[in-house]
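A.B. asks:
Protein chains: 4
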Amino acid sequence: MDDRFHDQCGIFGIFGHPEAANLAYLGLYALQHRGQESCGIVTSDRTRLYSHKAMGLVNDVFDAGVISRLKGDVAIGHVRYSTAGGSHIRNAQPFAVDFSMGSIAVAHNGNLVNAIDVRHTLESRGSIFQSSMDTEVLVHLIATARATTLVDRIRESLNVVKGSYSLLFLTEKQIIGVRDPMGIRPMCLGRMKDSWVIASETTSLDLIDAEYVRDIEPGEMVVIDESGLQSLRFAEQQPRRHCIFEFIYFARPDSFVFGRQVYSVRKAFGRQLGREHPVDADMVISIPDSGTVAALGFGEERRIPFEMGLIRSHYVGRTFIEPQQSIRHFGVKLKLHGVRDLLKGKRVVVIDDSIVRGTTSRKIVKMIRAAGASEVHVIISSPPTVCPCFYGIDTPTSEELIASSHTVDEVCKYLTADSLGYLSVEGMHKAIGSGGEGYCDACFTGNYPIAFENQHGSRQMHLF
Amino acid sequence: MDDRFHDQCGIFGIFGHPEAANLAYLGLYALQHRGQESCGIVTSDRTRLYSHKAMGLVNDVFDAGVISRLKGDVAIGHVRYSTAGGSHIRNAQPFAVDFSMGSIAVAHNGNLVNAIDVRHTLESRGSIFQSSMDTEVLVHLIATARATTLVDRIRESLNVVKGSYSLLFLTEKQIIGVRDPMGIRPMCLGRMKDSWVIASETTSLDLIDAEYVRDIEPGEMVVIDESGLQSLRFAEQQPRRHCIFEFIYFARPDSFVFGRQVYSVRKAFGRQLGREHPVDADMVISIPDSGTVAALGFGEERRIPFEMGLIRSHYVGRTFIEPQQSIRHFGVKLKLHGVRDLLKGKRVVVIDDSIVRGTTSRKIVKMIRAAGASEVHVIISSPPTVCPCFYGIDTPTSEELIASSHTVDEVCKYLTADSLGYLSVEGMHKAIGSGGEGYCDACFTGNYPIAFENQHGSRQMHLF
Amino acid sequence: MDDRFHDQCGIFGIFGHPEAANLAYLGLYALQHRGQESCGIVTSDRTRLYSHKAMGLVNDVFDAGVISRLKGDVAIGHVRYSTAGGSHIRNAQPFAVDFSMGSIAVAHNGNLVNAIDVRHTLESRGSIFQSSMDTEVLVHLIATARATTLVDRIRESLNVVKGSYSLLFLTEKQIIGVRDPMGIRPMCLGRMKDSWVIASETTSLDLIDAEYVRDIEPGEMVVIDESGLQSLRFAEQQPRRHCIFEFIYFARPDSFVFGRQVYSVRKAFGRQLGREHPVDADMVISIPDSGTVAALGFGEERRIPFEMGLIRSHYVGRTFIEPQQSIRHFGVKLKLHGVRDLLKGKRVVVIDDSIVRGTTSRKIVKMIRAAGASEVHVIISSPPTVCPCFYGIDTPTSEELIASSHTVDEVCKYLTADSLGYLSVEGMHKAIGSGGEGYCDACFTGNYPIAFENQHGSRQMHLF
Amino acid sequence: MDDRFHDQCGIFGIFGHPEAANLAYLGLYALQHRGQESCGIVTSDRTRLYSHKAMGLVNDVFDAGVISRLKGDVAIGHVRYSTAGGSHIRNAQPFAVDFSMGSIAVAHNGNLVNAIDVRHTLESRGSIFQSSMDTEVLVHLIATARATTLVDRIRESLNVVKGSYSLLFLTEKQIIGVRDPMGIRPMCLGRMKDSWVIASETTSLDLIDAEYVRDIEPGEMVVIDESGLQSLRFAEQQPRRHCIFEFIYFARPDSFVFGRQVYSVRKAFGRQLGREHPVDADMVISIPDSGTVAALGFGEERRIPFEMGLIRSHYVGRTFIEPQQSIRHFGVKLKLHGVRDLLKGKRVVVIDDSIVRGTTSRKIVKMIRAAGASEVHVIISSPPTVCPCFYGIDTPTSEELIASSHTVDEVCKYLTADSLGYLSVEGMHKAIGSGGEGYCDACFTGNYPIAFENQHGSRQMHLF
């Protein structure tokens, strides 16, 4: 899917390590695939907070000088996705403020579906807003809550908001980690000698040699301070609704998410696809890198050799100067290029993780054919994406989702492919082994686990 | 005085001009001497606000691309002074937020002496703070006020705060200009064809060919919107207390401030000094450029020729790499250099606007002597600075003000000068023609016009 | 091998296209894998030359403004490799000067082995040098040649130098392309409607929709000007000695180099490895991306499933801030990470393209084992690298090449691998189908096709 | 004159000081007024050279990291003027190359009038050129000279070139300073404990606490190496022709140039103007800062009070965004602004150093009148500039010099001034006390001391 969709966010926290800022920087680097627009780290030396945020990649935003100014042994960090409209440093996280109990910073992965309503209520009570992030709503709720302790105030506030959230709060003295009652977004707990670590994905733990302990439970709040880690529940047990798209596209294949290694699940998707779509072909190729693991599973199941039929450029930047002289498949060729000798005269299956608008897929099909393939069969390692996500994934509206308004045959024709096959919803659940339980698959089925109102078409809160 | 003191702030607003952002940029450029740390402009196209702020000089921060993105025919802007601690983009102005009535931006010149107390109250009611500026307090007061119109909410809020303030508010539809009841900081109104202009100093109006109309009155609130300009009073008449330091150092000599051209007042200071300190000398020189006009007045009165005895470098940057090999008067010589042939064997009077810590003055005296002067007489065009300012000037604490703890003779000895003369407080008022009325001279007399509590030593509000 | 070795260079030229600079920029982008240190383009509008060079990647160095200033319909460009010592803008190419016949620019891929001797001779005759590039020698030879035409001067100069070279010269009126008599470095000719294109690899032609015509012949000089393309020979027929390392590592898999698609050759290497090293294993993985194609061939031959056992980060920057707290395999883990569930308890074959010093390979072996693999077998898709290259590849000296001083068993032990297998020299030639003829394999055999003197240990010419 | 003309260059050298690079940086900073386009330093550690050059101001181009990489105890530096066409990093100095005797760097202030002819000869003998600087010619002459020692080669080369030159050569072991036989450009020798210093102006020596020893003599070559300083003559005695414009505009007032303090000469110009133009006026003002000293002299002579009637902005950058709405005197008002109260109804004499095209002067006259002046008399502290300079000053061609084609009355009318007075040529010499001997005044008289050919209209050598 690769840069057609935009990513979501990644969060990281560490408590009780003398090199907290440096480890947060590395932890965020390992989560860079979850958000490339902006990043930030806030630290505490148990007395006050230190903050640095900027637009850009982790490795560009932080250098040794910045890291050294982020003092203390406690840190939280955030990487944020990139969208056209809301792309502004005001919206970079962690979001840090002073309030009656001192300073607080928050890093959020997810989306609060009733943020606009809550914001209107808060504004009518005198709150002022400096960003268009749903996350700011949460901080105001905490600041205006009636409870006397921070933990109770957070609990009180979380009862007001609806949506998906994996959250890290940092104060002068503690880190508080929270995961929504359905566990929509991932969040795991690790241990590094005497330090506690919390991260969106286990690949963060691996990079810094932290040991994976367990996932934060849906509805759980962990409070980490000088006296250690304390686990609380802030909400009643609810059916789990893990975001199934983490398996399909978001998470790194080497991460364990919702208790499973992503690589294994993607491989199973590929094998299931092989069973559902017994295409006869000379080779299976993938859109690198997001389609590769499923392609390996498909080839294994179908006993069709896997080949690297599309070579990916490692130097793709943001913008390119296109000549007026038109170049065929310009945008796609800057990233991918077909291997002629390999593809010439061959019947080719190409695996991608999903189709959003279909425009890029169409260009790729044409490029593979231009490289000499005699047949091009497109196999997608997820069901048709028919509904937008309101829980943290920046999908387009239904109108823009090609599968929302077109049949599979129509999409196939648009792509100019010889055939098109999607993973079935049942097949997807079967591959995961979930029996249809425990996952949010709303983008494929429209079965939204959390009700929402007035959200359609107004996903961005107003801020000049 | 030149970079020993730090400056304060400058504000500019324009309503109803198709090139509002461009004119605001020029208006701020003309106010650059009032603040070099950060600057910002917020515009309105009558529907929404557009904002750009950054650390740095006006001409570096804004370019044609930025200006073109600041849409609309209404704009306010701000230049901010530089201090060590509070130097952060968070504290750049205009400060812009969303609240229950829409969007609002504010630009502030001055200082609210009870900001910390008000902030504590606000925090206890649930407000969160993202900056350490006193100005943020004001926006929260407006957001939480009970009145139903913005004008009434501003009025209500101004009754809570104490201190000095020249303020510009911008909403989607209007500009509101406010000046504190004592008129401590300057603020003037201009006209540019069909547009209204408000600025800290008239030099801003001159640059953009706007016509000076009048000063905004102390205690006046002007509301400018589609229906024109409306003048209101939000506070009862109080004795005026214009900041006398605007004449001594802050304002540009070509500006009219408090009804007088600064140049004329400085010249009168110099003549008065000539009467008060009839030093016998071969020439009078100045610390360029802040001491030059007074030096001309002194020379005129004493019939001593004025000379450019110290040559100023026009390429002074922020930091210099000093060799380990010590260079005499290093810091001073990077900025100023004595003219040997001129000074050799001469009795020299050197005029400066004020003495803060005395360290730079001492270096300059030694440098003049090293250039060959036989006598060096220091004459200061203001009385001894003995008390800190709480109304918007970033002076050091009393302990650091050399005149606060030393007699004139002691200071003279420290400077290694042959003699030292200050302007008398009476002479200062006489030169202005004020008879001691209408001006705040607290930095010289300790007569603070506005009471304050707990301010000593805690002028910076906490924010990580 | 991936950033252990450094790359060499890439060149691109186009004659007679109104968007010459823009196409050169895209052509160089497609050659970015051949050099990431610096890049440059020089154009001609048939009257004068225009130049832009800088340190950095093609897509960062060139923007629309720069492209528009590079006027004319003729252009040559260059991407340069990165080394520690010689990394300086002075050494960026194309190298452009004025001389008696007008202006000339040159872009060079290769290395002149007698450059130091020639330089000394030139200096003794009065030439001055502004870079430490061997290429500058060539320009001086042309400027001081006795012949009266540029073509003859180039011919005369090429008879003086020894070594490998694919060269593009640009004057106000013409492009001249030259390839050394043994054809060590690749160079191909393409056609784009009425324009001629010359490039290091065919992937450049593909990106801009140019048609591949043929390779420039060893010993051939093509002169392209207003009157068309003219092919000349400047040297007698010599046995071909194509650089075999282009197949192993340098060239992009989708390029045709020396008449073969690189992908196919690498696949054949893998199959040959399968025959030479019939290791029993559960899976074959690769160091992505350089080892992947060979790994597919190996798996195919051995009927062992290929897996993406190492996940590559796409956000690797130049430098990382390492915490003092040691992290195992720090450098390697920033780029690659093992998939635990997949590798756990498995016998793993890992394919890499070559081993230089062995330090990185050792870290990777340990990382795979840490991820749970029960056995780690290292298979290299080239013979042991035992000799340095003097023809354009920046290999370390013999002392640093681990295979130069250690047996295969010793290297295996150092890597902590269960077994280690290299491709045999015969197997390599067999896979190519060359029968040992036509290729330079000196880095594996020491059979240097061109004699050289005094080169050891002094590969960098002196320039402050 | 101030940024209507462009400046020329400044050079600095130091031998035998452990902090050579740092002192060169400070020495160049003190010469910044002589060139703001680019700057550079080359150092030697007695074994090899180290170089850093860039576009921009000294204090922006050099930081502690750069200084620390410029190793050694010997350094030369250069600041270069800014012109539109030749503005390119290729033309930054010192110009450093390798040649048969090792490495050499050169810094040049002046202009070689026969550079094009010499360059053609050199090119015909095989030299290649990488810049369009006349200075590069000199290095080629040295490299191709027949003499066996560097000193003799330099001597031989200087016999070939004609023009003005103050030169510093740096090799691994020595600094050689050279001044042309007529002493057109200034150059002085200083001493700093055990180190020798050479600089364009004495203000450089003052800043670093070096002691002024003497000027380098016209036709003198000083060779400084381990064995000390040796003075040689490379040319016969010729009549001195010091550039008189150094007194009028270039040099800093605090410098001693050609044996006189610039301040004193400018003051004498002003007094002479008072005698030549006994205008009746209420005050004399200046275009700051270049006209100020002459204005003081004029006021003294005429007993008219000097005032700072024009206030100068200290924040002028390179470019400003001008609104479409026209602003009167836009460009001038960004830099200067009239003091209304002071000028209102007054008869004003305004002193400037020279008039080039007259366009800026015209704007200033109008601005002063707009500020209320009843009469504006323009007095210029130099004779009419009627001829271009070929010895290092970037004046426009004769056609662009308003005084070249217009009478004084016509210029006065163009300026819209009430009267216009220039300094007479005789008066200028009288003020200096030279009796018309010893100075080049060709820009005022056309008496060029050095013949030249084919120079008109082709002052820039070709380089793409």
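Protein chains in written order, with numbering that gives the first Met the number 0: chain A, 0 to 463; chain B, 0 to 463; chain C, 0 to 463; chain D, 0 to 463.
Quick reminder that beta carbons are idealized off the backbone N, C-alpha and C, glycines included.
1) List, in chain order, every chain B residue whose beta-carbon is nearer than 7 Å to that of His241 (chain D).
2) Okay, do the stretch 6 to 17 of chain B and the stretch 190 to 198 of chain B touch, 3+ Cβ pairs below 8 Å being the bar?
3) Under 7 Å Cβ to Cβ from Phe319 (chain B), same chain only, skipping five residues before and after it: list those, please.
4) Which residue marks the beginning of the beta strand (DSSP E) containing Met282 (chain A), and which one marks its end?
5) Could you please give me the residues that DSSP links to Lys52 (chain C) through a beta bridge?
6) Tell me which residues of the stretch 278 to 312 of chain D have at least one Cβ-Cβ distance to chain B shorter than 8 Å, keeping chain order.
7) Could you name the residues of the stretch 142 to 165 of chain B whose beta carbon sits closer than 7 Å to any beta carbon of chain A, in the order they occur along the chain?
8) So which residues of chain C does Val346 (chain A) contact, with C-beta pairs closer than 7 Å?
9) At the 8 Å Cβ level, is Gln324 (chain D) part of the contact set with chain B, yes or no?
10) Compare the C-beta of Asp214 (chain D) against all C-beta atoms of chain B and say whether one is closer than 8 Å.
11) Residues of chain B with a CB under 7 Å from the CB of Gln92 (chain D): which are they?
12) Going straight from the alpha carbon of Arg542 (chain D) to that of Met220 (chain D), what length do you get?
13) How should Lys266 (chain A) be labelled, buried or exposed, when 16 other C-beta atoms within 10 angstroms of its C-beta is the threshold for buried?
14) Just mark His119 (chain D) as buried or exposed, buried being the case when its beta carbon has 16 or more other beta carbons within 10 Å.
15) If you follow the beta strand (DSSP E) that His468 (chain A) is part of, which residue opens it and which one closes it?
16) Given a cut-off of 8 Å on the beta-carbon distance, is the pair Val222 (chain D) and Gln173 (chain D) in contact?
17) Is Pro185 (chain B) close to chain D? Criterion is C-beta to C-beta, closer than 8 Å.
18) Please name the residue, chosen from B:Ile378, B:Tyr447, B:Gly391 and B:Ile66, that lies closest to Gly420 (chain B) on a Cα-to-Cα basis.
19) Using 8 Å as the threshold, is the stretch 60 to 74 of chain B in touch with the stretch 107 to 114 of chain B, meaning 3 or more CB pairs across them?
20) Which residue spans inside the stretch 198 to 257 of chain B form an unbroken alpha helix (DSSP H) run of at least 4?
21) Roughly how many whole angstroms lie between the Cα atoms of Arg301 (chain B) and Ala20 (chain B)?
22) Using a 10 Å radius around the Cβ and a threshold of 16 neighbouring Cβ atoms, would you call His313 (chain B) buried or exposed?
23) Write down every uninterrupted run of the beta strand (DSSP E) in the stretch 54 to 113 of chain C whose length is 3 residues or greater and which is fully enclosed by it, in chain order.
24) Establish whether the CB of Gln129 (chain C) and some CB of chain D are separated by less than 8 Å.
25) My assumption, with CB atoms under 8 Å, is that Gly26 (chain A) sits in contact with Ser165 (chain A). Please give the rounded CB distance.
26) Using a beta-carbon distance below 8 Å, is Ile431 (chain A) in contact with chain C?
27) Can Cys388 (chain C) and Ser397 (chain C) be called in contact, C-beta distance under 8 Å?
28) How about Ala83 (chain D): is its C-beta nearer than 8 Å to some C-beta of chain C?
29) Within the continuous alpha helix (DSSP H) that includes Cys187 (chain B), where are the two ends?
30) Report yes if the C-beta distance between Cys38 (chain B) and Arg89 (chain B) is below 8 Å; otherwise report no.
31) Please classify Thr134 (chain D) as buried or exposed, where buried requires at least 16 neighbouring CB atoms within 10 angstroms.
32) At a Cβ threshold of 8 Å, is Gly456 (chain C) touching chain A?
33) Could you please tell me which residues of the stretch 97 to 125 of chain C, in chain order, have their CB closer than 7 Å to any CB of chain D?
C.D. replies: The short version:
1) Counting from 1 along the fourth sequence, the entry for residue 241 (chain D) is found at position 242. The contacting residues do not exist; His241 (chain D) stays about 18 Å from chain B at best.
2) yes
3) Along the second sequence, read from residue 1 onward, the residue named residue 319 (chain B) stands at position 320. For Phe319 (chain B), where only same-chain residues beyond five positions count, the Cβ hits under 7 Å are Leu333.
4) Translated into positions along the first sequence, residue 282 (chain A) becomes position 283. Looking at the DSSP string, the run of the beta strand (DSSP E) that includes Met282 (chain A) is Met282 to Ser285.
5) For the purposes of this step, residue 52 (chain C) is taken as residue 53 along the third sequence, with counting starting at 1. Its beta-bridge partners are C:Gly39.
6) Asp288, Thr291, Val292, Leu295, Glu299, Pro304, Phe305, Glu306, Met307, Ile310, Arg311 and Ser312
7) Ala142 and Thr143
8) The residue labelled residue 346 (chain A) in the question sits at position 347 within the first sequence. For the record, residue 346 (chain A) in the displayed sequence is Arg; it is not Val. Going along chain C, no residue has its Cβ under 7 Å from Arg346 (chain A), so there is no contact; the nearest lies around 18 Å.
9) Your numbering for residue 324 (chain D) matches position 325 in the fourth sequence. It does: the Cβ of Gln324 (chain D) has a partner Cβ on chain B nearer than 8 Å.
10) Indexing the fourth sequence from 1 puts residue 214 (chain D) at position 215. Answer no: the Cβ-Cβ gap between Asp214 (chain D) and chain B never drops below 8 Å.
11) Along the fourth sequence, read from residue 1 onward, the residue named residue 92 (chain D) stands at position 93. Neighbours of Gln92 (chain D) on chain B: none; closest Cβ ~19 Å, over 7 Å.
12) With chain D covering 0 to 463 only, the question about residue 542 (chain D) has no answer from this structure.
13) Along the first sequence, one-based indexing puts residue 266 (chain A) at 267. With 16 or more Cβ atoms within 10 Å of its Cβ, Lys266 (chain A) is classed as buried.
14) The sequence position of residue 119 (chain D) within the fourth sequence is 120, counting from 1. Exposed, by the Cβ-count rule.
15) This structure leaves residue 468 (chain A) out entirely; chain A is present only between 0 and 463.
16) Here residue 222 (chain D) refers to the residue found at position 223 when the fourth sequence is read from its first residue. Here residue 173 (chain D) refers to the residue found at position 174 when the fourth sequence is read from its first residue. Yes, the pair counts as a contact, with Cβ atoms nearer than the cut-off.
17) The count along the second sequence starts at 1 and reaches residue 185 (chain B) at position 186. Pro185 (chain B) does not count as touching chain D.
18) As a working note, residue 420 (chain B) is residue 421 in the second sequence. Minimum Cα distance to Gly420 (chain B) is reached at B:Ile378.
19) no
20) 201 to 206
21) Here residue 301 (chain B) refers to the residue found at position 302 of the second sequence. Here residue 20 (chain B) refers to the residue found at position 21 of the second sequence. Whole-angstrom Cα-Cα distance: 48 Å.
22) As a first step, residue 313 (chain B) is located in the second sequence; it is residue number 314 there, counting from the start. Exposed, since its Cβ has fewer than 16 Cβ neighbours within 10 Å.
23) 73 to 79, 94 to 98 and 101 to 111
24) The count along the third sequence starts at 1 and reaches residue 129 (chain C) at position 130. Answer yes: the Cβ-Cβ gap between Gln129 (chain C) and chain D drops below 8 Å somewhere.
25) Numbered from 1 along the first sequence, position 27 holds the residue referred to as residue 26 (chain A). Numbered from 1 along the first sequence, position 166 holds the residue referred to as residue 165 (chain A). Contact flag wrong, Cβ pair sits at about 14 Å.
26) Against the first sequence, residue 431 (chain A) aligns to sequence position 432. Ile431 (chain A) does not count as touching chain C.
27) The residue given as residue 388 (chain C) occupies position 389 in the third sequence. The residue given as residue 397 (chain C) occupies position 398 in the third sequence. For Cys388 (chain C) and Ser397 (chain C), no; Cβs fall outside 8 Å.
28) One-based indexing of the fourth sequence puts residue 83 (chain D) at position 84. Low confidence applies here, because Ala83 (chain D) scores a pLDDT of 38, under 50, leaving its location unreliable; read the following figure in that light. It does not; no Cβ of chain C falls within 8 Å.
29) In the second sequence, residue 187 (chain B) corresponds to position 188, counting from 1. Unbroken run through Cys187 (chain B) is the beta strand (DSSP E), Cys187 to Met191; no alpha helix (DSSP H).
30) Within the second sequence, numbered from 1, the residue matching residue 38 (chain B) stands at position 39. Within the second sequence, numbered from 1, the residue matching residue 89 (chain B) stands at position 90. Not a contact, by the Cβ cut-off of 8 Å.
31) On the fourth sequence, residue 134 (chain D) is found 135 positions in, with the first residue counted as 1. Buried, by the Cβ-count rule.
32) By 1-based counting over the third sequence, the position of residue 456 (chain C) is 457. Interpretation of Gly456 (chain C) is limited by its pLDDT of 40, a score under 50 that renders its predicted location unreliable; the figure taken from the coordinates is listed afterwards. Answer no: the Cβ-Cβ gap between Gly456 (chain C) and chain A never drops below 8 Å.
33) Asp97, Phe98, Ser99, Ser102, Glu122, Ser123 and Gly125
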